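Take a look at the structure set out below.
Numbering (full-length UniProt numbering), first residue to last: 1 to 134.
What follows is the structure in structure tokens.
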């Protein structure tokens, strides 16, 4: 039963990604937002709804709130590559690349999980963090 529920959840979240992409392309933002918020309530620990609401908020030019949702998606699942790609894409002064609605939208380099673009730096307290290489 549990395996079936997990499969159903993954299928519903994949359908959500496809539907949101279509609604955003049609600029039906209100319906899109209602759909995403419903998914957030149904799947509070899933990164997909936060990533999708972040994309929607970027389209509505609410950059600050969008970045909060991309970070929330990444915090919920650090292996969820679309959230990381959207943070990289929208987290600069000049956005580059395209947004990632789902994993198939991610570049091949990101899918492999290449960390060659980052290095670990430690502060005076020994706390490490990833920093983008120049």
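C-beta atoms are modelled at their ideal positions from N, C-alpha and C, and glycine is treated no differently. Source: prediction; values computed, not measured.
Assumed close pair residue i, residue j - CB separation to whole angstroms, cut-off 8 Å
{"i": "residue 54", "j": "residue 73", "result": "7 Å"}
{"i": "residue 69", "j": "residue 50", "result": "5 Å"}
{"i": "residue 81", "j": "residue 99", "result": "That pair is no contact at about 13 Å."}
{"i": "residue 32", "j": "residue 23", "result": "4 Å"}
{"i": "residue 101", "j": "residue 37", "result": "Not a contact, Cβ separation roughly 17 Å."}
{"i": "residue 48", "j": "residue 13", "result": "5 Å"}
Start-to-end residues for the beta strand (DSSP E) that takes in residue i
{"i": "residue 41", "result": "Segment 29-42 is the alpha helix (DSSP H) holding residue 41; no beta strand (DSSP E) there."}
Host alpha helix (DSSP H) of residue i (start-end)
{"i": "residue 131", "result": "No alpha helix (DSSP H) contains residue 131, which is instead part of the beta strand (DSSP E) from 128-132."}
{"i": "residue 13", "result": "2-25"}
Residues that DSSP places opposite residue i in a beta bridge
{"i": "residue 119", "result": "131"}
**Asked** Where in the stretch 54-82 do unbroken runs of the alpha helix (DSSP H), each at least 4 residues long, occur, reported from the N-terminal end onward?
**Response** 63-76
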